[in-house]
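Note that the protein sequences, when read in sequence, are chains A and B.
In this note's numbering, each number is its position in the first sequence, counted from 1, plus 8.
In this note's numbering, each number is its position in the second sequence, counted from 1, plus 8.
Quick notes on the structure that follows.
2 protein chains.
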Amino acid sequence: MGLAIPIETSARHIHMCQKDFEKIFGEGRTLTYKADLSQPGQYVAEERLSVKGPKGTFENVAILGPFRPETQLEISMTDSRKLGVPGVIRQSGDTKDTPGCTLIGPAGELELDHGVIVAKRHIHMTPVQAIQANVKDNDEVFVIMESFERSLIFADVIVRVNPNFALAMHVDTDEANAFASDSKPTGVILKLFGGRTYNLQKWADELQNGINRL
Amino acid sequence: MGLAIPIETSARHIHMCQKDFEKIFGEGRTLTYKADLSQPGQYVAEERLSVKGPKGTFENVAILGPFRPETQLEISMTDSRKLGVPGVIRQSGDTKDTPGCTLIGPAGELELDHGVIVAKRHIHMTPVQAIQANVKDNDEVFVIMESFERSLIFADVIVRVNPNFALAMHVDTDEANAFASDSKPTGVILKLFGGRTYNLQKWADELQNGINRL
Chain A
9 MGLAIPIETS ARHIHMCQKD FEKIFGEGRT LTYKADLSQP GQYVAEERLS VKGPKGTFEN
69 VAILGPFRPE TQLEISMTDS RKLGVPGVIR QSGDTKDTPG CTLIGPAGEL ELDHGVIVAK
129 RHIHMTPVQA IQANVKDNDE VFVIMESFER SLIFADVIVR VNPNFALAMH VDTDEANAFA
189 SDSKPTGVIL KLFGGRTYNL QKWADELQNG INRL
Chain B
9 MGLAIPIETS ARHIHMCQKD FEKIFGEGRT LTYKADLSQP GQYVAEERLS VKGPKGTFEN
69 VAILGPFRPE TQLEISMTDS RKLGVPGVIR QSGDTKDTPG CTLIGPAGEL ELDHGVIVAK
129 RHIHMTPVQA IQANVKDNDE VFVIMESFER SLIFADVIVR VNPNFALAMH VDTDEANAFA
189 SDSKPTGVIL KLFGGRTYNL QKWADELQNG INRL
């Protein structure tokens, strides 16, 4: 049996740069560690903030530490509709031409002019795991998962390889709700058709026609 | 090219029996036609109601006509969490041992003791289309769909065949948000592995191992 990839759900959260954090939490303030996340070195902070868009507000949004070079809010497609901003699917860090929003903390507000993304689904893994799975950084693959009455195969899944990563596929809350939530869902990688359904549709069609002719 | 199946999103809605409708809208009242749905003979009514669960309420819920023998509320997995009821995935009409909720209309309230389901994804088609796709009523298949940056293959999709159906796959709002919303999404049927990912995972694993050895 190959690599069984744990599938984890990311609820809406924000990564912040120190400068933006101090603007809304107060000068000299910093993140307070609360709990570890599955990726080594990443943690949830005690601090929370509100994010406001043209149509709605989310309160009590989790801040993940440590600080990053740029502030980035990650939401689901459903969240984007509630906030009233376009849902733009991007890899983490690729925030050019993305929508903004208002961040509200105990010491002030900050107008972000960009940085709101719907995270593209992705797998974190180490170089050793990448060799085992025969994939490399930035490959796109299918992930076949198993779920009672509601299984899915995810296409367009980006592989991210880094010695500091732990093996996990990250999906958002919409994607998690589209399958039934098993307690410990896992998936299997299939690296074919560039991880895209475009060619697979044609292949399936020809295969199905072949089966029909038998 | 085979059958391109239009993929339609069902937002939360209710089907009602006449008796339950009269209890909350008033004796002698009936459904008022507002607009056709894609399935022949089915329509959205002018009337709307509220549904209440232990944790939350949805107002302005659409009622679909005509009346059915039994009242059935169809919600998404996300909705089930907001209402505070278990999300039970069922085919339409299979409501035994499902949760209930409170229905609120202009003339009263009604305590449903069961009938709240998360609809299992399904395809409506005619007998002629079933022959064309080489499937029969109650078959389970995969549906491969195409969507920018966020494609999916749905597993566990039930085929429903009836001369009165129009060709369409119905997914709920969570499932629709898990792919990016194209204006006219379509899918292609693949009838293999009983439409289940269980055996596909093993097959993919062996295939991937074979590819890795090349």
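All C-beta atoms in this analysis are idealised placements derived from N, C-alpha and C, irrespective of residue type, glycine included.
None of the values given here were measured: they were computed from a predicted structure.
Where does A:MET85 fall in DSSP's three states? helix
Round the Cβ separation of A:ARG20 and A:ASP87 to the nearest angstrom and send it over; I've been treating them as touching at under 8 Å. 5 Å
Can you tell which of B:ARG168, B:VAL151 and B:VAL167 has the C-alpha that lies nearest to the C-alpha of B:ILE161? B:VAL151
Chain A contacts from the region 168-196 of chain B (Cβ-Cβ distance under 7 Å): ASP182, GLU183, ASN185, ALA186, ALA188 and VAL196
Among B:ASP44, B:PRO171, B:LYS192 and B:LYS63, which one has its Cα closest to the Cα of B:THR134? B:PRO171
So the alpha helix (DSSP H) B:GLU67 belongs to, where does it begin and stop? Per DSSP, B:GLU67 belongs to no alpha helix (DSSP H); it is in the beta strand (DSSP E), 65-73.
Going by the CB atoms, is the gap between B:ILE22 and B:ILE112 shorter than 8 Å? no
Flag B:ALA138 as yes if its beta-carbon sits less than 8 Å from any beta-carbon of chain A, otherwise no. no
Does the beta-carbon distance from B:ILE97 to B:VAL126 come in below 8 Å? yes
A:ASN146 and B:ILE219: beta carbons closer than 8 Å? no
From A:PHE201 to A:SER159, what distance separates their C-alpha atoms? 20 Å
List the DSSP bridge partners of A:LYS60. A:THR65 and A:THR110
Is the Cβ of A:LEU208 closer than 8 Å to any Cβ of chain B? yes
Applying the 10 Å Cβ sphere with the 16-neighbour rule, what's the burial state of A:ALA115? exposed
My understanding is that B:GLU154 touches A:THR205, with C-beta atoms under 8 Å, so please give their C-beta distance in whole angstroms. 5 Å
Per DSSP, cross-strand counterpart(s) of A:GLU148: A:ILE166
Euclidean distance between Cα positions of A:GLY101 and A:SER18: 16 Å
Buried or exposed, going by whether 16 or more other CB atoms sit within 10 Å of the CB of A:ILE139? exposed
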